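Peer 1: Here's a structure for you.
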Amino acid sequence: MTGGEATLFWVIAPAMVLGALGLLFAHKAVHAAMSMALVMVSMGVVYIAQQAEFVGVIQIFVYSGAVMMLFLFVVMLVGVDASDSLVETLKGQRLWAYLLAAAFVVVAMAGVASVTFREPVGLAAVQEEGTVTALAREIFERQVFGFEILATLLVISVMGAMVLAHHERLRPVMNQRATSNATVRSMKWLAGKPNPGVYARHNAADTPALLPDGTPTEESVPRVLVARGQVASVTEYAAVTESTDEGNAPNTDLEADSEGEGQS
Amino acid sequence: MTLVAYIYLATILFTIGALVVLTRRNTIVVFMGVELMLNATNLALVTFSRMHGTLDGQVYALFVMVVAAAEVVVGLAIIMSIFRARRTASVDDSNLLKL
Amino acid sequence: MSVFETSAGIALTETHSVTATAADGFASLGWLMIALPLLGAAVLLIGGKATNSWGPMFATIMSWAAFAVGLGVIFQMTGLAAEERSLSVQLWEWVSAGDLSVNVGLLLDPLSMVFVMLITFVGSLIHVYSLGYMEHDPDKRRFFAYLNLFIAAMLILVLADSYLVLFVGWEGVGLASYLLIGFWNWNPAYATAANKAFVVNRIGDLGLITAMAILFATVGALDYATVNESASSMSQGALLAVGLLLLLGACGKSAQFPLQSWLGDAMAGPTPVSALIHAATMVTAGVYLIARSQAIYIETPDARVVVAVVGAITLVYGAIVGCAKDDIKKALAASTMSQIGYMMLAVGLGPIGYTFAIFHLVTHGFFKAGMFLGAGSVMHGMKNRVDMRRFGGLSRVMKVTWITFMMGWLAILGVPPFAGFYSKDKIIETAFVGEGWQPWVFGFTALIGAGITAFYMSRLFFMTFQGKARWEDDQHPHESPKSMTVPMIILAVGSVSLGFILGPTGILENWLEPVFGHPEHHEPVLAIPLIIALTLTLVALGALLAYFMYWKSEVATEAPEGTAITKAARRDLLQDDFNEVFLRKPGEGMVTMLVATDRDLIEGGMVGKTTGSLAGLSDLLRRTQNGFVRSYAMTMLAGIVVILGAVWVMQ
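Protein sequence lines correspond, in order, to chains A, B and C. 1 is the number of the first residue of the first sequence in the working numbering; add one for each residue after it. 1001 is the number of the first residue of the second sequence in the working numbering; add one for each residue after it. 2001 is the number of the first residue of the third sequence in the working numbering; add one for each residue after it.
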């Protein structure tokens, strides 16, 4: 290990460990995935530093590029904020896990430490033709059978994923005609739900419209926003007019003005 | 400093990966823990390859990556179908191994 | 007129082992005798209601056809030299298991052919009789199917060439008997009687099976030929055991003491059944078994004495019970028991008795079947009444029945020249042969038995046919139809003539000689004319007593209270009560105790504790299987740590 490589190691190894710990302790799956991506990329750099340039590049392309993106994609599908509850359900699981992990680290490291490694040979000799060429010779000459098997495995896994992800359609597709028929038959919201409120100072999907009696209606806001509790408060915008106009209607300026005229 | 440092690093990463599998309950995170363990192994393989001056380690690291990719594809598909059926991503909710 | 006229002066013989030769010619079709009635039974049972109209006639024809085949075989046999009359028909290999190899084969020899004649002839006559007797029964077809089944099974029994095949027939007749006793099973008492016969017979079967097991263990085969050859080389203990166990089997089937209790209840079956199965044929199977096993009994005199004792006890027992019964069929059943007792006594006496036992068996088959059919005819005319105290004076209205019954009565009394005189008196004479106490005990038992027989049979006859009519007002006795009277007439002719046709002429003796050999010549301890005189005197005394008590004087329509002995005799000499108190009750107690032991000690204690602790252990183990993947993964990690630790330590 040259001085440059040692420096690189001491910079990048703590980063990897930190990334791994981030994976272990992050509450949100997205954070865990990002930590993981950090480890992956760092791992690629380490490979390149270890004269395994091809593997390093593949690591960055395949792992960081493809696999981690796939993870992020699934996290998005399953729900970004599907975070762990912090209560451990299995009695003693956490304690025993840490104890065993500590024991494993001790035993494994002691095992490695007790081995005397000979002087590293290095890869310069075998990679005379170039990294990729040498690796290609290795794969396509000596390990070609295993390579073929792996190819089969990949095809099978793709088929498996397709079968698992396939969603059988149980009912006929609701086309526009069927949808409108169903709406009419249900006798609810025949003319559609009310649009969100439009205010002079605020015009967005999260502000509810006002009913004729002046109360805001949640029906005018998308259901998802209601569920997330992200509906804006109407009074926030009405408060200004109240204080300036002494009127009590939490309304748009125009309405407030007309009321003011009526009073005067 | 010798190349053994890489092996120690691999051991630590492997242990952390195992801890993730054991303690986390979000299926996706558990899965990433498995990936971390595989990567730690790859690191060890690449390091051994350099120590011995042969390319076998690198080839195996590549093979492990391919297997891991296949595993990820199928595993994530399973996670998706479980989530679709049960609206949950927690490994503890899929405890039908019991009975 | 001596027993030994034919064999006098000939000092013979040891056991003769006649080896059977393969049958050829017509005899090779001997299996048809079994197959035809079996076919009849199958057609009637499987054919169902479709055969209702022609089934009974078909069954009767099948039975006669079996008789015709038997006649053909006998005809062929008479053309052979006496030593060659033992024919074997090998059919197929049945059991082949290691050393045990049982071939299904038939043995057509003089002894089995005598039985074939008796079974098929009397059986066919009773088929004809049943055509009339059962005419109005809705289940007539089923009845004839069972009759055919019985004929087939009985023929398997007598034609078998090994104990195992015999056992098939043995069980077959047991089944047919069970089905026919319980034929009217809508009456719970009849169904119970069928069960009783079945259960008691099982005890006998136990003996037969055990005997077969011992035979196989010692001889290694179950066919007669091998057993007969090796009998002399068996140990005395094994011979005695086999002899006694075979006797147990015979007692069950032939209603001998102490397994006789089922026969009286078996009268619940239709009367033709009582005539065929429980008088003429099946109940004599025990006698056949012992006669067939002569090679064993010759080697073990002790077992033979036991056979004779059982026969002697039963003949007196049956006679006493017969005196007290008012039910005509039960009185006849008691008489059957007693007469089979004579036969058992005869076979128990050894080689000198076998021929006479078979002789008496044949004549008894005729006259007892005839009398049972007569009783059936009486019941037919008297609306199925069986109480003799309500009969009387039937001689005027049922002439044919009266005459034929009288022939049977005279035959069983042993009045010369009727059949019983030739067969039974010879048994009595033979009983007086021997040394020490045996001739005196057996001889006088047989003699006194003859006297009692005369009394109760005369009582039965007089109460039924003579004296004043004691019918109830609604009775209009009438003669039975031709289909019933003709078989009765034929049987009556047999009762009259069989004795002097087969006896003094030596036909039967010569015929059976290849099987039983010439008995050694023995003189009875009393002079033969004296024995005959004594017998006839006692018979006359018995009949006279009955004449004064039941013909000349008034017979009460209700049974008088009677002495303690009478009361006991009416209850079969308390046999059932004995069984109840000394066998069933202790058995029940033992079962209760065993159940309690099993429940409390075995189940609750040993097994319960074991299963309890295992259940607790598995409950603990179960908790580790909580179904959580993470938990299993931890187990894996623990395993890895242990392995690495072990590697480290070993380094």
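All C-beta atoms, glycine included, are put in the ideal place defined by N, C-alpha and C. Nothing here was measured: the structure is a model prediction, and the numbers come from that model.
1) Spell out the partners DSSP gives C/L2108 in its beta bridges.
2) Answer with buried or exposed for C/L2583, where buried requires no fewer than 16 other C-beta atoms within 10 angstroms of its C-beta.
3) So which residues on chain C does B/L1022 lean against when the C-beta distance must stay under 8 Å?
4) On the criterion of 16 or more Cβ atoms from any shown chain inside 10 Å, does C/K2424 qualify as buried, or is it exposed?
5) Taking the alpha helix (DSSP H) that C/N2148 falls in, what are its first and last residues?
6) For a quick check, are the C-beta atoms of C/L2039 and C/A2066 less than 7 Å apart?
7) DSSP three-state label for C/D2387, please.
8) In chain order, what residues of the same chain lie with their CB nearer than 6 Å to the CB of C/L2208, ignoring the 5 residues before and after it?
9) Write down every uninterrupted run of the alpha helix (DSSP H) in the stretch 2557-2628 of chain C whose length is 4 residues or greater and which is fully enclosed by it, in chain order.
10) Given a cut-off of 7 Å on the beta-carbon distance, is the pair C/L2345 and C/E2299 in contact?
11) Drop a sphere of 10 angstroms on the beta-carbon of C/D2326, count the other beta-carbons inside from all chains shown, and report buried for 16 or more, exposed for fewer.
12) Alpha carbon to alpha carbon, how far is B/L1019 from A/Y98?
13) Tell me which residues share the same chain as C/R2469 and place their Cβ nearer than 6 Å to its Cβ, disregarding the 5 neighbours each side in the sequence.
14) So that I know if they touch, is there some Cβ in chain C lying closer than 7 Å to that of A/V107?
15) What is the C-beta distance between C/A2334 and C/G2322, in whole angstroms, given that I count them as a contact (C-beta under 8 Å)?
16) Between the Cα of C/A2450 and the Cα atoms of C/S2274, C/Q2090, C/Q2339 and C/E2479, which residue gives the shortest distance?
17) Using only the alpha-carbon positions, how far apart do A/L21 and B/V1066 sit?
18) So C/A2419 and C/L2498 are supposed to be a Cβ contact under 8 Å. How far apart are they, rounded?
19) C/H2127 and C/L2147 look like a contact to me (Cβ under 8 Å); what is the Cβ gap, rounded to whole Å?
20) Can you have a look at C/L2410 and say buried or exposed, based on whether 16 or more other CB atoms are within 10 angstroms of its CB?
21) How should C/W2031 be labelled, buried or exposed, when 16 other C-beta atoms within 10 angstroms of its C-beta is the threshold for buried?
22) Can you tell me whether C/N2228 is helix, strand or coil according to DSSP?
23) Would you verify that the beta carbon of B/F1063 is, or is not, closer than 7 Å to some beta carbon of chain A?
24) Using a C-beta cutoff of 7 Å, does C/W2648 count as contacting chain A?
25) My output table needs one value for A/Q263: the three-state DSSP class, helix, strand or coil.
26) Please classify C/M2407 as buried or exposed, where buried requires at least 16 other C-beta atoms within 10 Å of its C-beta.
27) Quick check: the Cα distance between A/G260 and A/E218, rounded to an integer number of angstroms?
28) Report yes if the C-beta distance between B/L1003 and B/T1047 is below 7 Å; otherwise report no.
29) Which one or two residues does DSSP pair with C/D2223 in a beta bridge?
30) Between C/V2641 and chain A, is there a C-beta pair that is closer than 7 Å?
31) Going by beta carbon distance, what residues of the same chain come within less than 7 Å of A/A134, once the five residues before and after it are set aside?
32) To the nearest angstrom, report how far apart C/A2027 and C/L2289 are at their CA atoms.
33) What's the gap between the Cα of A/P172 and the Cα of A/S186?
34) Does the distance from the C-beta atom of C/A2279 to that of C/K2368 stay below 7 Å?
35) So, using beta-carbon positions, are C/Y2354 and C/A2291 closer together than 7 Å?
Peer 2: Looking at the coordinates:
1) C/L2087
2) exposed
3) R2630, A2633, M2634 and L2637
4) buried
5) K2140 to L2159
6) No. Outside cutoff.
7) strand
8) G2249
9) 2564-2570, 2575-2578, 2585-2597 and 2608-2624
10) no
11) buried
12) Spanning the two alpha carbons is a distance of roughly 7 Å.
13) For the sequence presented, residue 2469 of chain C should be read as Ala rather than Arg. Excluding positions up to five away in sequence, the list reads G2392 and G2393.
14) yes
15) 4 Å
16) C/Q2339
17) Near 25 Å, if we compare the C-alpha coordinates of B/V1066 and A/L21.
18) Between C/L2498 and C/A2419 the Cβ distance is about 5 Å, and since that is below 8 Å, they are a contact.
19) 6 Å
20) buried
21) buried
22) helix
23) yes
24) C/W2648 counts as touching chain A.
25) Any reading at A/Q263 needs caution, since the residue's pLDDT is 40, under 50, leaving its predicted position unreliable; the model's value is listed next. A/Q263 falls in the helix class under three-state DSSP.
26) Around the beta carbon of C/M2407, a 10 Å sphere encloses 16 or more other beta carbons of the protein chains shown; the residue is thus reported as buried.
27) Note that A/G260 scores a pLDDT of 39, beneath 50, so its modelled location is shaky; the value from the coordinates is reported in the next line. Cα to Cα, A/G260 sits roughly 28 Å from A/E218.
28) yes
29) Bridge partners of C/D2223: C/S2162.
30) Closer than 7 Å: yes.
31) V126 and Q127
32) 23 Å
33) C-alpha separation (whole angstroms): 19 Å.
34) Cβ distance < 7 Å, so C/A2279 and C/K2368 count as in contact.
35) yes
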